[in-house]
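Just so we're aligned, residue 34 is where the sequence shown starts under this note's numbering, counting upward by one.
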Amino acid sequence: MNFLKNLGGGSLFMLLLCLAIILVAEYLFLTGDQLHGIFLGLWAPTLLGVMIFLKLVQNGRK
């Protein structure tokens, strides 16, 4: 529980969003729409990178 408190609401939301994106991309890829699945699957690491960048900026201001 302490881990979720330290993580914060915004970061938890971003992680859940990335998980949902990965699941939808896997579904698209496995049902035959491979190009859309790959395109959508690339958004998860992009969002994680943005989240890491925002955390670094926030820690730099402290």
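Using N, Cα and C, we set each Cβ at its ideal position, and we do this for glycine too. Since this is a predicted model, take the numbers as computed values, not measurements.
Whether residue i touches residue j by CB criterion (8 Å)
i, j, result
"A58", "L48", "no"
"H69", "L61", "yes"
Proximity to residue i [Cα-Cα], best of the options
i, options, result
"G43", "L56, V90, M84, T79", "M84"
Where the alpha helix (DSSP H) through residue i begins and ends
i, result
"T64", "Segment: none, T64 is in no alpha helix (DSSP H) and carries neither H nor E."
"G82", "76-93"
Straight-line Cα distance separating residue j from residue i
i, j, result
"L63", "R94", "44 Å"
"C51", "W76", "8 Å"
"F46", "V90", "19 Å"
"N92", "A53", "27 Å"
"L87", "I71", "25 Å"
"P78", "K38", "23 Å"
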